[in-house]
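**Q**
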Amino acid sequence: MTDVRHEPATLAVTRAEVEDFLYHEAALLDEWRLEEWLDLFTPDAVYEIPATDLPGHVESDASRTYALVYEHRTLLEQRVIRLKKPTAHAEFPHSRTRRLLANVRILGAAGDEVMASANFIVFRGRNGRDVFYVGRYEYVLRHAPDGLKIRHRKAVLDQASLDPHGKISIIL
Amino acid sequence: MAIQSPLIIDDRERGLFRVHRSAFTSEEILALEREKIFSKAWLYVGHESELPKPNDFVTRGVGGRPVIFIRDRDGRIRVLLNTCRHRGAEVCRLSSGNSKVFACFYHGWAYDNTGRLVSVPDGDAYSASFDRGQLGLYQPRVESYRDFVFATFSDEAPALVDYLADARYFLDIIADQSASGMEIVAGTHYYSMNANWKLLMENSVDGYHALTVHQTYFEMMMNLGTTPPGIDGQRGIGRGIDLGNGHAVAMNPELGSPIMSPDILAEKQRWRASLVERFGEEHATLIANVTRNMDIFPNFAVVDLGFGIQVRTMFPTAPGHTQIVGWQLVPGDVSDAHRTYRLDNSLTFWGPAGMATPDDVEGLEQCQRGFAVKEVEWSDISRGMGRDMPPIVDELQMRVFWREWNARLTGESYQREGAPHDSSYLGAAT
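Quick mapping for you: the protein sequence lines, in order, are chains W and L. Per this note's numbering, the very first residue in the first sequence carries number 97; after that it's consecutive. Per this note's numbering, the very first residue in the second sequence carries number 67; after that it's consecutive.
1) Quick one, which residues of the region 102 to 120 of chain L are near chain W if we go by CB-CB under 9 angstroms, in chain order?
2) Distance, Cα to Cα, Gly127 of chain L vs Thr383 of chain L?
3) Give the DSSP-derived three-state secondary structure of His261 of chain W in the structure shown.
4) Which residues in the same chain have their Cβ closer than 6 angstroms to the Cβ of Arg469 of chain L, if we skip the five residues on either side of it in sequence?
5) Starting from Ile145 of chain W, find everything on chain L with Cβ-Cβ shorter than 7 angstroms and list it in chain order.
6) Would you say Thr193 of chain W lies against chain L (beta-carbon separation less than 8 angstroms)?
7) If we ignore side chains and look at the alpha-carbon of each, how far apart do Lys440 of chain L and Arg84 of chain L end up?
8) Classify Tyr192 of chain L as buried or exposed, calling it buried when 16 or more other Cβ atoms lie within 10 Å of its own Cβ.
9) Counting Cβ pairs, one atom from each stretch, are 3 or more of them under 8 angstroms apart for the region 391 to 408 of chain L and the region 367 to 378 of chain L?
10) Take Ala198 of chain W and list the residues in its own chain whose beta-carbon comes closer than 6 angstroms to its own, dropping the five residues that flank it on each side.
11) Kindly provide the ranges of any beta strand (DSSP E) runs that are 3 or more residues long and lie completely inside the region 378 to 407 of chain L, ordered along the chain.
12) Looking only at its own chain, which residues have a Cβ that is under 8 angstroms from the Cβ of Gly290 of chain L, when we skip the five neighbours before and after it?
13) Between the region 220 to 232 of chain L and the region 119 to 127 of chain W, are three or more C-beta pairs nearer than 8 angstroms?
14) CA-CA distance, Tyr204 of chain L and Leu164 of chain W?
15) Within 8 angstroms, do at least three Cβ pairs link the region 432 to 449 of chain L to the region 77 to 91 of chain L?
16) Who are the neighbours of Asp213 of chain L on chain W, taking C-beta pairs under 9 angstroms?
17) Put Gly296 of chain L into one of helix, strand or coil per three-state DSSP.
18) Whole-angstrom Cβ separation of Pro151 of chain W and Val252 of chain W, contact assumed at under 8 angstroms?
19) In its own chain, which residues sit with a C-beta less than 6 angstroms from the C-beta of Ala367 of chain L, not counting the 5 before and 5 after it?
20) Measuring only between beta-carbons, confirm whether Ile264 of chain W sits less than 8 angstroms from chain L.
21) Extract the residue ranges of the beta strand (DSSP E) inside the region 255 to 313 of chain L, only unbroken runs of 3 or more that lie entirely within it.
22) Could you tell me which whole beta strand (DSSP E) segments of length 3 or greater appear in the region 102 to 129 of chain L?
23) If we define contact as Cβ-Cβ less than 8 angstroms, is Glu209 of chain L a contact residue for chain W?
24) Within the 8 angstroms Cβ cut-off, does Ser257 of chain W reach chain L?
25) List, in order along the chain, the chain L residues whose C-beta lies closer than 8 angstroms to that of Tyr119 of chain W?
26) Is it buried or exposed, Leu160 of chain L, if we count other Cβ atoms within 10 angstroms and call 16 or more buried?
27) One question on the structure: do Val145 of chain L and Ala217 of chain L come within less than 8 angstroms of each other, judged by their Cβ atoms?
28) Whose C-beta lies closer than 6 angstroms to the C-beta of Met380 of chain L among residues of the same chain, with five residues either side of it excluded?
29) How long is the line joining the alpha carbons of Tyr172 of chain L and Ser489 of chain L, rounded to whole angstroms?
30) Starting from Val85 of chain L, follow the beta strand (DSSP E) in both directions and report where the run begins and ends.
31) How is the alpha helix (DSSP H) around Gly204 of chain W delimited, first residue to last?
32) Listing by chain order, which chain L residues have their CB less than 7 angstroms from the CB of Leu150 of chain W?
33) Any idea if Val114 of chain W is buried or exposed, counting beta-carbon neighbours within 10 angstroms, 16 or more meaning buried?
34) Could you check what DSSP says for Met248 of chain L in three-state terms: helix, strand or coil?
35) Alpha carbon to alpha carbon, how far is Gly154 of chain L from Asn148 of chain L?
36) Let me know the secondary structure DSSP gives Ile177 of chain W once reduced to three states.
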């Protein structure tokens with residue numbers, strides 16, 4: 097979904113504010129400050145990475161597809177808890193990551209929510225191997241008293257296969 | 067460079083089994099595997115549920131060859147090798163679709179979806195010896211067992227059902243789970259690892275690694291209110307079984323599911339009751355209360371953990387690099403809520419972004435890095451050797467694979483190990 101939706105609601109947030117928020121989120125992830133990152137999510141949030149052969153699927157298809165990731169807040173919290181342990185072997189020691197965001201766009205607004213997208217390249221270096229994940233983020237952000245929160249975070253990969261990446265053991 | 071001999075040490079008297087680590091690193095051995103294993107055995111292609119209607123197709127790699135996996139216009143399942151008989155271009159460049167004809171874009175030769183060459187532009191430029199009837203898309207032998215479709219590039223391979231030997235009983239247990247048929251779920255996991263393909267075949271039937279590698283997964287289960295099963299596995303419950311022809315299975319009492327609601331529990335009980343109605347108590351228990359990790363030689367793993375069924379293939383692009391494809395199978399006749407429950411649990415565990423598979427792959431990749439130490443020549447796979455009914459934490463399942471692998475590469479024959487499959491194991495504690 098890349099068309100701008102014209103909603104009657106006034107857009108209460110600027111693109112600059114969304115960018116600031118996304119850059120802050122990226123910094124938290126690159127610095128492995130995962131608990132602070134988790135606090136950016138609403139209680140009803142979803143984190144999603146569709147299967148690479150179904151990039152265009154919609155949220156309502158979640159019960160019908162074998163996604164790479166489809167996690168409500170409870171499971172997302174478990175993912176974060178896991179990643180902090182030295183027994184999360186695929187990420188111990190942690191990967192070095194560097195997120196590059198570009199093409200941040202506000203796609204529309206409805207009520208207290210804003211839909212935004214951004215392009216990403218995420219670098220991951222570990223065990224002497226460097227890989228790059230490329231794709232597009234789709235966010236639904238909600239206004240909260242203490243700032244923007246993430247209600248839906250989808251990362252759509254442009255790669256058809258995780259070769260040579262092998263895994264997505266980081267938060268993408 | 068000569069191939070190491072022997073490749074395995076199978077010392078029954080002393081109870082020692084060793085595999086030479088060049089099996090994982092040698093280019094010569096990889097070339098032999100392509101010739102003597104991938105070109106000779108039955109290879110999993112796909113599941114009939116992926117092709118619901120006539121003319122439906124998907125393209126994928128099978129044994130290193132690009133193929134069109136298709137249900138032809140008459141409803142018959144075929145595997146067409148995706149190379150034009152003219153000058154070689156792939157005649158189908160889509161990943162999936164529905165088509166009665168495949169026209170090569172290069173010079174326009176066209177084939178119907180039974181593989182027959184039906185059109186050659188300016189076709190009268192050829193001699194009388196040019197016979198279109200001999201120039202259809204190449205088709206390996208294809209057979210299907212309970213909707214699992216296999217292909218072989220060898221005329222000498224036995225019938226599929228004979229090749230499967232006792233593995234077919236476990237494909238039965240999978241296929242029996244739905245009266246309307248099992249279905250591959252949309253959405254495929256395409257990934258890779260920097261490790262030899264045989265390490266993943268070992269890992270797929272390995273019970274010994276569960277508590278160590280998947281500790282964080284079991285902790286997550288406890289955090290979500292489910293009791294993990296790991297301790298039982300160490301106490302000798304479960305069984306590793308030689309199924310013949312290099313196939314093996316590890317069976318275990320059912321695991322819990324980290325994501326489970328009271329509604330789903332009721333749903334599962336209803337499902338189990340329907341199995342009892344169809345098959346009786348014993349077979350229903352085998353289906354619903356026992357898990358199974360199965361390897362079908364050479365490169366197909368079927369893992370049914372109760373909360374989901376993962377099927378995967380693996381193919382080497384280099385001794386230290388493997389391409390992996392993973393799919394999820396569900397009973398076609400369960401409710402949306404039940405299907406969602408299975409998917410929630412499955413993709414949390416399996417797949418390159420799950421919370422279990424990446425740790426497995428980390429283990430395998432670390433082994434591959436360790437193989438650079440040429441001074442250590444042998445891996446030890448002796449655990450439980452000689453036991454009649456070894457638990458899953460023993461290594462019989464791996465030895466079964468290696469003996470068949472060695473036999474195909476060297477011609478050496480072998481004796482099977484352990485009690486053969488019977489239907490007595492129902493998950494009860496020993």
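Just so it is clear, CB atoms sit at the ideal spot from N, CA and C, and this is done for glycine as well.
**A** According to the data block:
1) Here the close residues number zero.
2) In the second sequence, counting from the first residue as 1, residue 127 of chain L sits at position 61. In the second sequence, counting from the first residue as 1, residue 383 of chain L sits at position 317. One C-alpha to the other measures close to 12 angstroms.
3) Here residue 261 of chain W corresponds to residue number 165 of the first sequence, with the count starting at 1. Looking at His261 of chain W - three-state DSSP - the assignment turns out to be coil, as it is neither helix nor strand.
4) Counting from one through the second sequence, the residue named residue 469 of chain L turns up at place 403. If we look at Arg469 of chain L and ignore the five residues flanking it on each side, its Cβ neighbours are Tyr480.
5) On the first sequence, position 49 is the one that residue 145 of chain W refers to. Per Cβ cutoff of 7 angstroms: Ala419.
6) The residue labelled residue 193 of chain W in the question sits at position 97 within the first sequence. No, its Cβ sits nowhere closer than 8 angstroms to a Cβ of chain L.
7) Here residue 440 of chain L corresponds to residue number 374 of the second sequence, with the count starting at 1. Here residue 84 of chain L corresponds to residue number 18 of the second sequence, with the count starting at 1. The straight-line gap separating the alpha-carbon atoms of Lys440 of chain L and Arg84 of chain L is approximately 15 angstroms.
8) Counting from 1 along the second sequence, the entry for residue 192 of chain L is found at position 126. Tyr192 of chain L is exposed by the Cβ-count criterion.
9) yes
10) Reading the first sequence from its first residue, position 102 is the one you call residue 198 of chain W. The answer, listed in chain order, is Asn215.
11) Counting only runs of 3 or more, we get 387 to 397.
12) Translated into the one-based positions of the second sequence, residue 290 of chain L becomes position 224. Just to set this straight, residue 290 of chain L is Leu in the shown sequence, not Gly. Here the set comprises Pro324, Ile325.
13) No: the two stretches stay apart, fewer than three of their Cβ pairs being nearer than 8 angstroms.
14) By one-based count along the second sequence, residue 204 of chain L stands at place 138. By one-based count along the first sequence, residue 164 of chain W stands at place 68. Cα to Cα, the separation comes out at about 35 angstroms.
15) The region 77 to 91 of chain L vs the region 432 to 449 of chain L: in contact.
16) Sequence index remark: in the second sequence, residue 213 of chain L carries index 147 (1-based). By Cβ distance, chain W contributes nothing, its closest Cβ being about 18 angstroms from Asp213 of chain L, past 9 angstroms.
17) Sequence index remark: in the second sequence, residue 296 of chain L carries index 230 (1-based). Because the pLDDT of Gly296 of chain L is 49, which lies under 50, any placement of that residue in the model is unreliable, and the question is left without a value.
18) Locating residue 151 of chain W in the first sequence gives position 55, counting from the first residue. Locating residue 252 of chain W in the first sequence gives position 156, counting from the first residue. 5 angstroms between Cβ atoms; contact.
19) In the second sequence, residue 367 of chain L corresponds to position 301, counting from 1. Around Ala367 of chain L: Ser270, Asp361, Arg378.
20) Walking along the first sequence from the start, residue 264 of chain W turns up at place 168. Under the Cβ distance rule, Ile264 of chain W counts among the residues neighbouring chain L, one pair being separated by less than 8 angstroms.
21) Fully enclosed beta strand (DSSP E) runs of 3 or longer: 255 to 259, 305 to 310.
22) If we require 3 residues or more, the beta strand (DSSP E) runs fully inside the region 102 to 129 of chain L come out as 109 to 113, 122 to 128.
23) Taking the second sequence and counting its residues from 1, the one referred to as residue 209 of chain L is at position 143. So no, Glu209 of chain L is outside the interface.
24) Position 161 of the first sequence holds residue 257 of chain W. It does; some Cβ of chain L falls within 8 angstroms.
25) Here residue 119 of chain W refers to the residue found at position 23 of the first sequence. The premise fails here: Tyr119 of chain W is roughly 24 angstroms from chain L at the closest Cβ pair, so nothing lies under 8 angstroms.
26) For this step, residue 160 of chain L is matched to residue 94 along the second sequence. Looking at its Cβ environment, which holds fewer than 16 other Cβ atoms inside 10 Å, Leu160 of chain L is exposed.
27) Here the question's residue 145 of chain L lines up with position 79 in the second sequence. Here the question's residue 217 of chain L lines up with position 151 in the second sequence. It is a contact, given that the beta carbons lie within the stated cut-off.
28) Walking along the second sequence from the start, residue 380 of chain L turns up at place 314. So the list reads Trp263, Leu266, Asn365, Thr388, Ile390, once near-sequence residues are dropped.
29) Looking up residue 172 of chain L in the second sequence gives position 106. Looking up residue 489 of chain L in the second sequence gives position 423. Looking at the two C-alpha atoms, the distance is approximately 55 angstroms.
30) Within the second sequence, numbered from 1, the residue matching residue 85 of chain L stands at position 19. From DSSP, the beta strand (DSSP E) with Val85 of chain L extends over 82 to 86.
31) The residue given as residue 204 of chain W occupies position 108 in the first sequence. It is not in any alpha helix (DSSP H) - Gly204 of chain W instead sits in the beta strand (DSSP E) that spans 192 to 206.
32) Here residue 150 of chain W is taken as the residue at index 54 of the first sequence, counted from 1. Those are Ala252, Gly253, listed as they occur along chain L.
33) Against the first sequence, residue 114 of chain W aligns to sequence position 18. By the 10 Å Cβ count, Val114 of chain W comes out buried.
34) In the second sequence, the residue the question calls residue 248 of chain L occupies position 182. Strand at Met248 of chain L.
35) Reading the second sequence from its first residue, position 88 is the one you call residue 154 of chain L. Reading the second sequence from its first residue, position 82 is the one you call residue 148 of chain L. The alpha-carbon atoms of Gly154 of chain L and Asn148 of chain L are separated by roughly 9 angstroms.
36) Counting from 1 along the first sequence, the entry for residue 177 of chain W is found at position 81. DSSP places Ile177 of chain W in helix when its eight states are reduced to three.
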